[in-house]
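**Q**
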Amino acid sequence: MHSEDEPQLVYVYEIMSKNLVKVKHNVSTSEISYIMVKKRISSVTVIDDNEKIIGIVTEKDLVREVCAKNVLATTLTAAKVMSSPLITVSRNSTIIDAAKLMVKKRIRHLAIQENNDIIGIVSTYDLINVLRNVIKSMALDSSLLDAISMTEIPLEEGGFSYPLSEDELK
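Residue 901 is where the sequence shown starts when you use the numbering used here, and the numbers rise one by one after that.
1. Mark Thr975 as exposed unless 16 or more other C-beta atoms lie within 10 angstroms of its C-beta, in which case mark it buried.
2. Classify Val968 as helix, strand or coil using the three-state DSSP reduction.
3. For my contact list, Thr988 and Arg1008 are in at a C-beta cut-off of 8 angstroms; report their separation, rounded to the angstrom.
4. What number of angstroms, rounded off, separates the C-alpha of Ser917 from the C-alpha of Asp949?
5. Hey, how far is the Cα of Val910 from the Cα of Arg940?
6. Could you tell me the distance, in whole angstroms, from the CA atom of Leu972 to the CA atom of Val966?
7. Answer yes or no: do Val946 and Ala998 have a C-beta to C-beta separation smaller than 8 angstroms?
8. Assuming Ser930 contacts Met936 under a Cβ cut-off of 8 angstroms, what Cβ separation, rounded to an integer in Å, is found between them?
9. So is Asp961 buried or exposed if we call it buried at 16+ other beta carbons inside 10 Å?
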């Protein structure tokens, strides 16, 4: 996947949610809310009568279109509240590119596309999990570097030793 000489890039296809929860365009927002709570998810994809994905309903959409407008959830459908068209990236986009696009577009869910098909979703939660692991790894590397920097090597003349600095280890 990654060569040892290049930076450890993470691609969206490595972290995306592949098991998309799909709802028909005419499903009520009440039912969508129930599905999202029951499945502990923050979005559902919306499909048309031909089962083609046409949009996404997120928690943010439900708050904006139902709660903030004080509308009865049983009266609105997915088609009325969904975000469409989907904002997408290709499966080979890096998580850095995905994060930049999500910030620019002010979205929390990004559709992953391959051959004009939506194959997954990446959420800010997915990105945070990856970044948390990267930070943990960096902390481990840092503590290893600290341990190594305390290593002493013998000097040829006089038989003394001295601690290596970080610069000398690089």
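Glycine is no exception: its CB is placed at the ideal position from the N, C-alpha and C atoms.
**A** With the given structure in hand:
1. An exposed status is given to Thr975, since fewer than 16 other beta-carbon atoms sit within 10 Å of its beta-carbon.
2. Residue 968 is actually Ala in this sequence, not Val. Looking at Ala968 - three-state DSSP - the assignment turns out to be coil, as it is neither helix nor strand.
3. Arg1008 and Thr988 do not touch by the CB rule: their CB atoms are close to 15 angstroms apart, not below 8 angstroms.
4. Answer to the nearest angstrom: the Cα atoms are 23 angstroms apart.
5. Between Val910 and Arg940, the C-alpha separation is close to 25 angstroms.
6. Using only the alpha carbons, I get a separation of about 7 angstroms.
7. No, the Cβ-Cβ distance between Val946 and Ala998 is not below 8 angstroms.
8. The Cβ separation is near 11 angstroms, so there is no contact.
9. Counting the other Cβ atoms within 10 Å of the Cβ of Asp961 gives 16 or more, which makes it buried.
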